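Colleague: Here it is, the structure, as structure tokens.
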């Protein structure tokens, strides 16, 4: 349907619960996600990676309605991710492992 899912489109299509799950998992508010989506703020590379990781989990549970948001679309300088492996390991189900967890 889309060439790539932008955060603005993801937030528009996601349910209230899905938006809240992404925000809580990344230790931010839904309002801050909207600021990033509207380009009023840019995400740090770490936050962008966390948002990509958790939107991938939520998209997997959404019956194909949503797609993961690529991290390069949320940062000021997306070239920092060029050549970086895009494979983000997802462990557990949506209830396990939050964005800020390190293992």
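Numbering (this note's numbering), first residue to last: 72 to 174.
Where a beta carbon is used, it is the ideal one built from N, C-alpha and C, also for glycine.
Model, not experiment: these values are computed from the prediction.
(1) Return the first residue and the last residue of the alpha helix (DSSP H) that residue 101 is part of.
(2) Who are the near neighbours of residue 175 in its chain, counting only those whose CB is closer than 8 Å to its CB and skipping five residues on each side?
(3) So what does DSSP say about residue 129, is it helix, strand or coil?
(4) Note the first and the last residue of the continuous alpha helix (DSSP H) segment covering residue 146.
(5) Using 8 Å as the threshold, is the C-beta distance between residue 141 and residue 123 below it?
(6) Pick helix, strand or coil for residue 93, following the three-state DSSP scheme.
(7) Is it buried or exposed, residue 155, if we count other Cβ atoms within 10 angstroms and call 16 or more buried?
(8) Go to residue 81, then tell me how far its alpha helix (DSSP H) extends in each direction, as first and last residue.
(9) Shorter than 7 Å, the distance from the beta carbon of residue 149 to the closest heavy atom of the ligand ZN, or not?
(10) Hey, would you say residue 113 sits closer than 8 Å to residue 146, going by beta carbons?
Modeller: In terms of the structure at hand:
(1) Counting along the chain, the alpha helix (DSSP H) containing residue 101 begins and ends at 101-108.
(2) Because the chain spans 72 through 174 in this model, residue 175 falls outside it and cannot be assessed.
(3) Residue state, collapsed to three classes: helix.
(4) That residue, residue 146, is in no alpha helix (DSSP H); it is neither H nor E in DSSP.
(5) Residue 141 places its beta carbon less than 8 Å from that of residue 123.
(6) Helix.
(7) Exposed, since its Cβ has fewer than 16 Cβ neighbours within 10 Å.
(8) Here the alpha helix (DSSP H) through residue 81 covers 78-84.
(9) Ligands are entirely absent from the displayed structure, and the ligand ZN is therefore not among its contents.
(10) Taking 8 Å as the Cβ cut-off, residue 113 and residue 146 qualify as a contacting pair.
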